[in-house]
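In our numbering, the protein residues as written are 4 to 1040.
A quick write-up on the structure given underneath.
Below, the structure is given as structure tokens:
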């Protein structure tokens, strides 16, 4: 089928030769494309939206032919959740609890530990005997031992493929969304379990942790002088082996036991010699446990970064480990067999995934435990496989060493578990106690009920799908209308009817109706013509409406569309005609006034107007449908756009009459205006004899008079106060002038506003009042001390000579008189001391409140700008490259400039001060006014090598360092920050407490980069200080 645009043109080609009043039924049916040829399946690849008779590619392909019944539902087979035969049960990962799951599986496969836990008394037996079991209340374990009992019972006899350990994790108070140190978890939990079991009466239960995991070694120190040997005995539950610099597990053990020399400042105090002597110290293994846990210290503290990092080096280990050479009493029986390997997949110490390879002690087969998924290794062999391919991909990564038979290499293993080989292998399965088995059976019954329910839901979905399949096969054959009676249905509804994933809703044709409540001709591209039979079936089964039969073809819309199309075709010719008419000279009595802007864009305006009448929103360049603007546009912008779209309204004055400015309009001939009026019949009409707006003329005349008056006032005030205007011969409080004892004060804001008016009286309004209330508190007291007016507050006030004050009183309204008087104190013959008093006097309370408010504002800010300057080569900032940094952040280069000629000030500052602010309460007004001045005085000119950052007062120094790292590519641990000579070192402190205020300049001195920048990933993930297992049940016993 032809493309959509070609079909559109073909449907309306007749409008070029047919006038609107000549439109017939044949033309209407052509416009609605009633008789277009339907498409054939196999020939038409996708649905033709321009052809209402194309019923191919609307989703019917999935229903025609045979269908797999599994496609009728989205419910997985419940049997996929069933435990496989001769397999183990997995554990759900609750977010970041994979490290817990690995240890639970390792402990579960320790048969001695499992048997001892089953022997532990439990409230579960009371639960089974009481009323709760009859009331079918869920069993809730009360202690850690009970949680482990229940978990192990489910892991042993559950029918589920995996179980949920959330009760156990919740009892420990662990955060399921935060990954913790797996080795630390193992130590803390074993300590908690040992402490909990120590209260049991049965020795087999009470001592199980010591029997299985506890060994003993001694710290032995030998004096080199007298040979005296001292021992410090200690128990251990795992050996922590350093792997840095080693390739084999045996090397790590040897280093753990190697002799250390105590010399120099580290000498040992020998009690036999009664003095410090050189000595040797080492660890001697005295006894080893049945289960030997070897912690490989992959996660180490990096002093350079201040955080943990992972060592991804290969370590080789064998399946058989002979520990006899390392034990002090060599009486045999220290040959161990590998029973578990715990793996951490990932580069960073703060992320990754934990899995465990564990050997079944009964069958000798190896299994990989990965949360819910459990995989059996082939041939009873340990296969680390893909786990060793998931470390950091880098060019410098080392090759995996070759491993002989019975040995393995890993760069992700962090714990190895060995079992004594000479122990008798258990031949019988550990039996689950009856009270626990009853709970397991109940859970299995719930699981079976769930499986039956899911199977029934699958069956219902399949039955519905089959019924829908039969309906579609029957109706799709009867869907094409042909020459029989027909109706229109939206393509969207037909597609949803054929979509098995969503339920079919009632038919809704309201969106396709025109203003005459019939089918809109422009909507035919999203409609399909179907047989009356199919429509009857659809409406009877699904309901909806209104039904669009042959009577829904709208003649009014077709006629209007015909008229618009003909006008569009005529537009190009009329555009040339109007252009030629505009070239001719027009007599004043015959012409019409037209806006120049409207003349420039009349063709585009006409086209948009025709598109709007045509109802074709796609061709209106986004300006159709009520001129809907973007959401971000302001009301003024929307109003302005609407005004631009209306022809000849650009010469309307605010009163709706002809504007007085002749530069914005021109005369056009009567013939040109007639052509334009065909397209814009509602446009304002102004014949050449039409008078301009009388109100605008009056306002223009008044404006000219006011401008002259303002110029006269400005000239008078400038002549009366020349030195104040030019900022010459100004008095200074720090160097009091000798020829007067009194100086008057006005606000600097008043002076600057007055200077603006005097410079540009035509643009600015005259200043009528001095407005000294801005300098006073609500009690009428002065807000400044004499000392502050000589320093930081000098920018807020202007000093006035007495002669100038007399003139100010004549020219302006003075609300409050503020003056400073100099008085001599002391004997005339002796040295006199000068005293300065103000009128009105200082208000100490409000002054103190203002100072506190200023400090608070500097400490409480959000999204403020600060500047970070990177210092190069250990030198301070060079004066020639960064002059602003040689002064404090509040005294920038701009403040040190001399006053500009003619009283010119910073234009940004002048614009930020509005006269309306003086109408507020005096105290609040003063604070707001003073903030503006502070903002100006702290303006900072950014220099080369410096970057601006947005910060808040409550963010920490650590978070700032992360921002600096992104801006300067300097890691936080390489950053040395300072402000005003003060070193910033407390990463947990907030910027507000460190004295970092808006517009501050922080100096950055970068250390030499460290060799290993893989730690950058760790730094990004540790913006907050680690808390480990603080607040959990592991530390609460």
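A virtual CB, placed ideally from N, CA and C, is assigned to each residue, including glycine.
Could you tell me whether the Cβ atoms of residue i and residue j are closer together than 9 Å?
i	j	result
residue 954	residue 809	no
residue 336	residue 347	no
residue 421	residue 345	no
residue 827	residue 727	no
residue 91	residue 363	yes
residue 235	residue 259	no
residue 1041	residue 478	One cannot answer for residue 1041 here, as it falls past the ends of the chain, which runs 4 to 1040.
residue 107	residue 168	yes
residue 196	residue 147	yes
residue 454	residue 85	yes
residue 568	residue 18	yes
residue 874	residue 967	no
For residue i, which residues in the same chain have their Cβ closer than 6 Å to its Cβ, ignoring the five residues on either side in sequence?
i	result
residue 695	661, 663
residue 846	780, 782, 784
residue 134	Its pLDDT being 49, under 50, residue 134 is placed unreliably by the model, and nothing is read from it.
Going by CA-CA distance only, name the one from the options that's closest to residue i.
i	options	result
residue 207	697, 7, 120	120
residue 763	795, 718, 722	718
residue 796	806, 778, 804, 812	778
residue 545	560, 283, 173, 492	492
residue 799	807, 805, 806, 788	788
residue 237	289, 257, 960	289
residue 1	649, 710, 673	Not covered by the structure: residue 1. The range shown for the chain is 4 to 1040.
residue 1009	992, 171, 979	979
residue 675	704, 710, 589	589
residue 602	561, 61, 653, 563	653
residue 839	745, 874, 768, 772	745
residue 309	975, 6, 651, 1007	975
residue 298	160, 402, 596, 186	186
residue 387	376, 371, 853	371
residue 767	709, 750, 730	709
residue 480	574, 537, 606	537
Given a threshold of 16 other Cβ atoms within 10 Å of its Cβ, counted over all protein chains shown, does residue i qualify as buried or as exposed?
i	result
residue 110	buried
residue 83	exposed
residue 500	buried
residue 756	buried
residue 891	Reliability of the predicted coordinates at residue 891 is poor, the pLDDT of 35 falling under 50, and the value obtained from them is presented with this limitation in mind. Residue 891 comes out exposed.
residue 244	buried
residue 51	buried
residue 306	exposed
residue 312	buried
residue 301	buried
Leaving out five residues before and five after residue i in sequence, what residues of the same chain have Cβ atoms less than 8 Å from its Cβ?
i	result
residue 844	784, 785
residue 201	209
residue 769	713, 716, 717, 760
residue 566	23
residue 369	360, 361, 362, 363, 379, 380, 383, 384, 385, 386
residue 229	273, 275, 276, 280
residue 488	534, 535, 552, 553
Could you name the residues that DSSP lists as bridge partners for residue i?
i	result
residue 251	319
residue 596	670
residue 373	376
residue 837	827
residue 867	954
residue 1004	870
residue 325	338
Given residue i, which residues of its chain have a CB within under 7 Å of its CB, disregarding the five upstream and five downstream residues?
i	result
residue 571	613
residue 1073	Residue 1073 lies beyond the range of the chain shown here (4 to 1040); nothing can be said about it.
residue 957	993, 995
residue 861	1000
residue 193	212, 216, 240
residue 577	678
residue 910	Confidence at residue 910 is low in this model, with a pLDDT of 33, below 50, so the placement of that residue should be treated as unreliable; the coordinate-derived value is given next. No residues qualify anywhere along the chain.
Are the C-beta of residue i and some C-beta of chain B separated by less than 9 Å?
i	result
residue 535	Absent here is chain B; the protein component of the structure consists of one chain.
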